[in-house]
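J.: First to last, the protein sequences are chains A and B. The numbering of the first sequence is the working numbering, which starts it at 1174 and goes up by one. The numbering of the second sequence is the working numbering, which starts it at 1174 and goes up by one.
2 protein chains.
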Amino acid sequence: MTDIKSDIPRTGGDQAGAGPPAPDASAWGEEALRQGIEMLFFAYRDFTAEPDAILAEHGYGRAHHRVVYFVGRHPGLTVSDLLGMLKITKQSLARVLGQLVQDGLVVSRAGIRDRRQRLLELTGRGIELERRLTERQRTRFAQAFGHAGPDAVEGFRTVMLGLIDEDARQRFEGQDS
Amino acid sequence: MTDIKSDIPRTGGDQAGAGPPAPDASAWGEEALRQGIEMLFFAYRDFTAEPDAILAEHGYGRAHHRVVYFVGRHPGLTVSDLLGMLKITKQSLARVLGQLVQDGLVVSRAGIRDRRQRLLELTGRGIELERRLTERQRTRFAQAFGHAGPDAVEGFRTVMLGLIDEDARQRFEGQDS
DNA sequence: GCATATATGTCAATATGACTGACATAAAAT
DNA sequence: ATTTTATGTCAGTCATATTGACATATATGC
């Protein structure tokens, strides 16, 4: 198999006198880039598999996890906010959100400043399900982070931010090193 | 907003005399772990959006991309191999693979040592589509890697490998630092 | 106050990706 | 010769997402 290391630019390994490389110069070979693509695919695939199994017990799908996750993470979130995060249509959201409200996992109350808005929150049962679902994922990250160490985690965060579109990236700003 | 940095253990920042921390000790706080979860979600969401738009022009979906990607990456791949990578059922694969074969993007020939096997390969048109689709993703990684630098990329790779299940992780082995 | 814009909800039709279960065929392995 | 393996296929179902149209309540601008 191809040796990936030969594909990875070393720090300070620039050709002499080649001038300052552009910060996003693509000195990265095909192999390194494809490995990145594949790691993202496999990580996402494996990362979603465990919660999916729990969700299935409740007759829910991955979309339900996403909703309880973000509502739990940002209590008082509006429907618009949620749509913006998930980047799906309101009709798609309506099905899962409606189920969760009807099943008593999410409550929506009218906004105070703007009564057209629906501010979303988890109920106790919603919190419980969210924690059960996300616990596996937190554990996975805790192990990966713990094994990799703080410097690797900082590198991970930097690369991930670079992969995310500008607007979503701002959610993580003010928290860089 | 919560300051993530307070959540990130610093190298050598252990309490004095606390003994050696386990390599995967969860010194990581809730906030850091949730940010990891969210980064993975947003990165995957944005990373798939561009190819999806191209695929739609051809009447294809994300599943078609995955098939042409892995067939292109591993020419001569068997149907079993592909099922193992995608972790979907053969009935799910049959629909997309059948379309791609019929549309002349993928060819399958009988195996030599084992004639039950179907060895998959891209045709010229398959290669062309695969490159068009993956080009956006390679560019995205090239920019993220280039901006982050080699050390950050190495950290990214380490963390990502830690997130991936053991069996799939082996695909990337022999290429660590 | 009236017109318009915004936030949300809802009905209908459709596409895509996935599943389970059952059965078929050809070729390898024992 | 029997069994196992690799693949294909038919049928039904479910979850997620889409576009398009329309409805309602509330906020905002004039």
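Using N, Cα and C, we set each Cβ at its ideal position, and we do this for glycine too.
Suppose only complete runs of 3+ residues qualify. What are the beta strand (DSSP E) ranges in the region 1287-1323 of chain A, listed by chain order?
T.: Those beta strand (DSSP E) runs which fall completely within the region 1287-1323 of chain A and span 3+ residues are 1291-1295.
J.: DSSP three-state label for A:Lys1178, please.
T.: For the purposes of this step, residue 1178 of chain A is identified with residue 5 of the first sequence, where counting begins at 1. Summary for A:Lys1178: the model assigns pLDDT 42, below 50, so the residue's position carries little reliability; its value from the coordinates is reported in the next sentence. Helix.
J.: Would the beta-carbon of B:Val1279 fall within 8 Å of that of B:Thr1296?
T.: Here residue 1279 of chain B corresponds to residue number 106 of the second sequence, with the count starting at 1. Here residue 1296 of chain B corresponds to residue number 123 of the second sequence, with the count starting at 1. Against a cut-off of 8 Å, the Cβ pair of B:Thr1296 and B:Val1279 comes out as a contact.
J.: Is B:Leu1250 helix, strand or coil by DSSP?
T.: Residue mapping note: residue 1250 of chain B aligns to position 77 of the second sequence, counting from 1. B:Leu1250: strand per DSSP, three-state reduction.
J.: Within the 8 Å Cβ cut-off, does B:Lys1260 reach chain A?
T.: Taking the second sequence and counting its residues from 1, one reaches residue 1260 of chain B at position 87. At least one chain A Cβ lies under 8 Å of B:Lys1260.
J.: Using a Cβ cut-off of 7 Å, pull out every chain B residue sitting near A:Tyr1233, in sequence order please.
T.: Residue 1233 of chain A sits at position 60 when you count from the first residue of the first sequence. By Cβ distance, chain B contributes nothing, its closest Cβ being about 17 Å from A:Tyr1233, past 7 Å.
J.: Helix or strand or just coil, what does DSSP make of B:Ala1283?
T.: Residue 1283 of chain B sits at position 110 when you count from the first residue of the second sequence. B:Ala1283: strand per DSSP, three-state reduction.
J.: Just curious, the alpha helix (DSSP H) that B:Phe1214 is in, first and last residue?
T.: Within the second sequence, residue 1214 of chain B is the residue found at index 41, counting from 1. Looking at the DSSP string, the run of the alpha helix (DSSP H) that includes B:Phe1214 is 1203-1230.
J.: Using CA coordinates, which residue listed in A:Leu1336, A:Arg1313, A:Ala1341 is at the minimum distance from A:Ala1222?
T.: Within the first sequence, numbered from 1, the residue matching residue 1222 of chain A stands at position 49. It is A:Arg1313 whose Cα lies nearest to the Cα of A:Ala1222.
J.: In this structure, does DSSP put A:Thr1331 in helix, strand or coil?
T.: Taking the first residue of the first sequence as position 1, residue 1331 of chain A is located at position 158. Helix, per DSSP.
J.: Apply the 10 Å Cβ neighbour rule to B:Thr1171 and answer buried if 16 or more other Cβ atoms are within range, or exposed otherwise.
T.: Residue numbering for chain B in the displayed model covers 1174 to 1350; residue 1171 of chain B lies beyond these limits and cannot be assessed.
J.: In chain order, what residues of the same chain have a beta carbon less than 7 Å from the beta carbon of B:Asp1276, not counting five sequence neighbours either side?
T.: As a first step, residue 1276 of chain B must be located in the second sequence, where it is residue number 103. Nothing listed; no residue qualifies.
J.: Which residues in chain A sit within 9 Å of B:Arg1311, going by Cβ to Cβ distance?
T.: Within the second sequence, residue 1311 of chain B is the residue found at index 138, counting from 1. Neighbours of B:Arg1311 on chain A, chain order: Ser1199, Trp1201, Glu1203, Leu1206, Arg1207, Gly1209, Ile1210.
J.: Would you call the region 1210-1226 of chain A and the region 1249-1266 of chain A in contact, with 3 or more CB pairs under 8 Å?
T.: Contact between the region 1210-1226 of chain A and the region 1249-1266 of chain A is absent, because fewer than three Cβ pairs lie under 8 Å.
J.: Which term fits A:Ile1285, buried or exposed, when burial requires 16 or more other beta carbons within 10 angstroms of its beta carbon?
T.: Start at 1 with the first residue of the first sequence, and residue 1285 of chain A comes out as number 112. Label assigned to A:Ile1285: exposed.
J.: When the Cα atoms are used, what is the spatial distance from A:Leu1302 to B:Asp1338?
T.: For this step, residue 1302 of chain A is matched to residue 129 along the first sequence. For this step, residue 1338 of chain B is matched to residue 165 along the second sequence. Roughly 24 Å separates the two Cα atoms.
J.: For B:Pro1248, count the other beta carbons within 10 Å of its own beta carbon; 16 or more makes it buried, fewer makes it exposed. Which is it?
T.: The residue you call residue 1248 of chain B lines up with position 75 of the second sequence. With fewer than 16 other Cβ atoms within 10 Å, it is exposed.
J.: Could you check if A:Glu1346 is buried or exposed, using at least 16 other CB atoms within 10 Å of its CB as the buried criterion?
T.: Position 173 of the first sequence holds residue 1346 of chain A. Flag for A:Glu1346 reads exposed.
J.: Mind pulling the chain B residues with CB within less than 7 Å of A:Arg1246?
T.: Position 73 of the first sequence, counted from the first residue, corresponds to residue 1246 of chain A. Neighbours of A:Arg1246 on chain B, chain order: Arg1207.
J.: Does any residue of chain B bring its CB to less than 8 Å from the CB of A:Val1332?
T.: Counting from one through the first sequence, the residue named residue 1332 of chain A turns up at place 159. With 8 Å as the cut-off, A:Val1332 counts as an interface residue toward chain B.
J.: Just to confirm, is the Cβ distance from B:Ala1315 to A:Leu1206 under 8 Å?
T.: What you label residue 1315 of chain B is simply residue 142 of the second sequence in a count that begins at 1. What you label residue 1206 of chain A is simply residue 33 of the first sequence in a count that begins at 1. Result yes, Cβ atoms of B:Ala1315 and A:Leu1206 sit closer than 8 Å.
J.: Would you mind stating whether B:Leu1255 and B:Leu1228 have Cβ atoms separated by less than 8 Å?
T.: For the purposes of this step, residue 1255 of chain B is taken as the residue at position 82 of the second sequence. For the purposes of this step, residue 1228 of chain B is taken as the residue at position 55 of the second sequence. Contact: no.
J.: Could you name the residues of the same chain whose beta carbon sits closer than 8 Å to that of A:Arg1311, not counting the 5 residues immediately before and after it, in chain order?
T.: The count along the first sequence starts at 1 and reaches residue 1311 of chain A at position 138. Counting only Cβ-Cβ distances below 8 Å, and skipping sequence neighbours, we find nothing.
J.: According to DSSP, is B:Ala1341 helix, strand or coil?
T.: If you number the second sequence from 1, residue 1341 of chain B lands on position 168. Correct three-state label for B:Ala1341: helix.
J.: CB-CB under 8 Å to B:Pro1224, same chain, minus the five flanking residues each way: which ones, in chain order?
T.: Within the second sequence, residue 1224 of chain B is the residue found at index 51, counting from 1. Cβ within range, chain order: Arg1235, His1238, Leu1306, Thr1307, Arg1309, Gln1310.
J.: Short of 6 Å in beta carbon distance, which residues of its chain neighbour A:Trp1201, apart from the five on each side in sequence? Order them along the chain.
T.: Counting from 1 along the first sequence, the entry for residue 1201 of chain A is found at position 28. If we look at A:Trp1201 and ignore the five residues flanking it on each side, it has no Cβ neighbours.
J.: Can you look up A:Gln1188 in the DSSP assignment and give me helix, strand or coil?
T.: Counting from 1 along the first sequence, the entry for residue 1188 of chain A is found at position 15. Confidence at A:Gln1188 is low in this model, with a pLDDT of 43, below 50, so its placement is unreliable and no value can be given for it.
J.: Just to confirm, is the Cβ distance from A:Ala1321 to B:Val1332 under 8 Å?
T.: Here residue 1321 of chain A corresponds to residue number 148 of the first sequence, with the count starting at 1. Here residue 1332 of chain B corresponds to residue number 159 of the second sequence, with the count starting at 1. Cβ distance < 8 Å, so A:Ala1321 and B:Val1332 count as in contact.
J.: The alpha helix (DSSP H) spanning B:Gly1271 covers which residue range?
T.: Position 98 of the second sequence, counted from the start, is the residue given in the question as residue 1271 of chain B. Element bounds for B:Gly1271: 1263-1275.
J.: Counting only Cβ pairs nearer than 7 Å, list the residues of chain B close to A:Arg1218.
T.: On the first sequence, residue 1218 of chain A is found 45 positions in, with the first residue counted as 1. Result: Lys1260.
J.: Name the residue from A:Arg1344, A:Phe1215, A:Ser1253, A:Gln1272 whose alpha carbon lies nearest to the alpha carbon of A:His1231.
T.: Walking along the first sequence from the start, residue 1231 of chain A turns up at place 58. Measuring from the Cα of A:His1231, the nearest candidate turns out to be A:Gln1272.
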